[in-house]
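J.:
Numbering (the numbering used here), first residue to last: 132 to 207.
In structure tokens form, the structure reads like this:
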């Protein structure tokens, strides 16, 4: 499956930072693929946090950009 905008929501927004929630019937490895969130890259900022509920697990990731692709990295 591909990214579905209806599964993305804002939990909180302040000072240019957004806390997102994304839930999908896909594995976390599929959702964490570089470019998965490209269709909404104008909404997301580097450093935004995303809580992701995948079909196999839940994680918290940080938004980054690599080679013009939105990436979901590990929260340090």
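For glycine and all other residues, C-beta sits at the position ideal for the given N, C-alpha and C.
Please report the Cβ distance between residue 190 and residue 159, rounded to the nearest whole angstrom; I am assuming they are in contact, meaning their Cβ atoms lie under 8 Å.
T.: If you number the chain shown from 1, residue 190 lands on position 59. If you number the chain shown from 1, residue 159 lands on position 28. Rounded, the Cβ-Cβ distance is 6 Å, consistent with contact.
J.: Smallest Cα separation from residue 144: which of 174, 207, 205?
T.: Position 13 of the chain shown holds residue 144. Residue 144 has its Cα closest to that of 174, out of 174, 207, 205.
J.: Going by DSSP in three states, residue 160 sits in which element: helix, strand or coil?
T.: In the chain shown, counting from the first residue as 1, residue 160 sits at position 29. In this structure, residue 160 counts as helix in the three-state DSSP scheme.
J.: Quick check: what's the CA-CA separation for residue 178 versus residue 156?
T.: Reading the chain shown from its first residue, position 47 is the one you call residue 178. Reading the chain shown from its first residue, position 25 is the one you call residue 156. If I take the Cα positions, the gap works out to 25 Å.
J.: For a test of the three-state rule: what should DSSP assign to residue 170, helix, strand or coil?
T.: What you label residue 170 is simply residue 39 of the chain shown in a count that begins at 1. Three-state DSSP puts residue 170 in a helix.
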